[in-house]
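S.K.: Dumping the structure here so I can ask a few things about it.
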């Protein structure tokens, strides 16, 4: 009888420890998602970047301000390689120094950075992106692909702008060599001929 009570007590303790472990893991994930700075690159984390982009997009739409979004992919980068991880971090830091305080740069995924150029007209934003692209090519020894999109009057939301940017990035990757591609969703309804 005492042995069965002891066994039940030990089993309950073990179950409680397992539940506590899973709760701690969940809290750890929540804390990581709340970090503003990505540990590996020292630029904005994905969640902080998303918050900044939401604000920038809202301001761009409300006040008709220019906003350019860019995704920079280092898809052949091996982040398990210490040398390449260091290059990635240095490149991110270099990009951060090139941008203005009103612009934002963050880690979008493992091997991808995203930047937002705020208060920069489309023509100037393209020139900035080209300059950044050329600087990045000099700083890192792996192919670099950049997809760019701009907010237009037809851009309904940030998700659409991001999708346009991803389409441009895919076009750049499809070319097979480092490059910059632009894509903006500007499909206007066809005008019907007047009679």
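Residue numbers (UniProt numbering): 1 to 195.
From the three backbone atoms N, C-alpha and C, an ideal C-beta is built for every residue, glycine too.
What separation, rounded to the nearest whole angstrom, lies between the Cα atoms of residue 20 and residue 26?
M.R.: Reading the chain shown from its first residue, position 20 is the one you call residue 20. Reading the chain shown from its first residue, position 26 is the one you call residue 26. Spanning the two alpha carbons is a distance of roughly 10 Å.
S.K.: Looking only at its own chain, which residues have a Cβ that is under 7 Å from the Cβ of residue 132, when we skip the five neighbours before and after it?
M.R.: Residue numbering aside, residue 132 sits at position 132 when the chain shown is read from its first letter. Within its own chain, the residues whose Cβ lies closer than 7 Å to the Cβ of residue 132, once the five positions on either side in sequence are excluded, are 95 and 98, listed in chain order.
S.K.: Just to confirm my understanding: we take residue 180, look at its own chain, exclude 5 residues before and 5 after, and list those with CB closer than 7 Å. What are they?
M.R.: Against the chain shown, residue 180 aligns to sequence position 180. 129, 130, 133, 146, 148 and 172, listed in sequence order.
S.K.: In the DSSP output, which residue or residues are listed as bridge partners for residue 182?
M.R.: Stepping through the chain shown from its first residue, residue 182 is reached at position 182. Here residue 182 is bridged, per DSSP, to 148.
S.K.: Apart from the five residues on each side of it in sequence, which residues of its chain come closer than 6 Å, Cβ to Cβ, to residue 155?
M.R.: Along the chain shown, read from residue 1 onward, the residue named residue 155 stands at position 155. Excluding sequence neighbours, residue 155 sits near 161.
S.K.: Threshold first: 3 residues or longer. Then list the beta strand (DSSP E) segments lying entirely within the UniProt domain "GGDEF" (70-185), N to C.
M.R.: 104-109, 112-118, 145-150 and 179-182
S.K.: Can you tell me the Cα-Cα spacing of residue 138 and residue 88, whole angstroms?
M.R.: Position 138 of the chain shown, counted from the first residue, corresponds to residue 138. Position 88 of the chain shown, counted from the first residue, corresponds to residue 88. Their Cα atoms are separated by approximately 12 Å.
S.K.: Which residue wins for smallest C-alpha separation from residue 121, given the options 64, 41 and 35?
M.R.: The sequence position of residue 121 within the chain shown is 121, counting from 1. It is 64.
S.K.: Only counting the same chain, and skipping five residues up and downstream in sequence, which positions put a Cβ closer than 6 Å to that of residue 167?
M.R.: Within the chain shown, residue 167 is the residue found at index 167, counting from 1. Answer for residue 167: 183, listed in chain order.
S.K.: Tell me, to the nearest whole angstrom, how far the beta carbon of residue 85 is from that of residue 110; I am working on the premise that it is less than 8 Å.
M.R.: Translated into the one-based positions of the chain shown, residue 85 becomes position 85. Translated into the one-based positions of the chain shown, residue 110 becomes position 110. That pair is no contact at about 11 Å.
S.K.: Could you tell me which residues DSSP puts in a beta bridge with residue 67?
M.R.: Stepping through the chain shown from its first residue, residue 67 is reached at position 67. In DSSP, residue 67 forms a bridge with 118.
S.K.: Could you tell me which residues DSSP pairs with residue 44 in its beta bridges?
M.R.: For the purposes of this step, residue 44 is taken as the residue at position 44 of the chain shown. 37 and 106, per the DSSP bridge assignment.
S.K.: Please state whether the Cβ-Cβ distance between residue 67 and residue 142 is less than 8 Å.
M.R.: On the chain shown, position 67 is the one that residue 67 refers to. On the chain shown, position 142 is the one that residue 142 refers to. Contact check for residue 67 against residue 142 fails: the beta carbons are separated by 8 Å or more.
S.K.: Whole-angstrom Cβ separation of residue 54 and residue 158, contact assumed at under 8 Å?
M.R.: Your numbering for residue 54 matches position 54 in the chain shown. Your numbering for residue 158 matches position 158 in the chain shown. Contact holds; Cβ gap of about 6 Å.
S.K.: Out of 18, 10 and 107, which has the shortest C-alpha to C-alpha gap to residue 50?
M.R.: On the chain shown, residue 50 is found 50 positions in, with the first residue counted as 1. Of the candidates 18, 10 and 107, the residue whose Cα lies closest to the Cα of residue 50 is 107.
S.K.: Tell me, to the nearest whole angstrom, how far the beta carbon of residue 144 is from that of residue 72; I am working on the premise that it is less than 8 Å.
M.R.: Numbered from 1 along the chain shown, position 144 holds the residue referred to as residue 144. Numbered from 1 along the chain shown, position 72 holds the residue referred to as residue 72. Going by Cβ atoms, the distance from residue 144 to residue 72 rounds to 7 Å, so yes, they are a contact pair.
S.K.: Rounded to whole angstroms, what is the Cα-Cα separation between residue 30 and residue 37?
M.R.: Taking the chain shown and counting its residues from 1, the one referred to as residue 30 is at position 30. Taking the chain shown and counting its residues from 1, the one referred to as residue 37 is at position 37. So the two alpha carbons sit approximately 14 Å from each other.
S.K.: Does DSSP classify residue 1 as helix, strand or coil?
M.R.: One-based indexing of the chain shown puts residue 1 at position 1. Note: residue 1 maps to coil in three-state DSSP.
S.K.: Among residues of its own chain, excluding the 5 on either side of residue 115, which ones have a beta-carbon nearer than 6 Å to its beta-carbon?
M.R.: Position 115 of the chain shown, counting from 1, holds the residue named residue 115. So the qualifying residues of the chain are 70 and 105.
S.K.: Quick check on residue 58: buried or exposed, where buried means 16 or more other Cβ atoms within 10 Å of its Cβ?
M.R.: Within the chain shown, the letter at position 58 stands for residue 58. It is exposed - the Cβ of residue 58 has fewer than 16 other Cβ atoms within 10 Å.
S.K.: Please determine, among 102, 77 and 75, the residue with the shortest C-alpha to C-alpha distance to residue 60.
M.R.: The residue given as residue 60 occupies position 60 in the chain shown. For the residues 102, 77 and 75, the minimum Cα distance to residue 60 belongs to 102.
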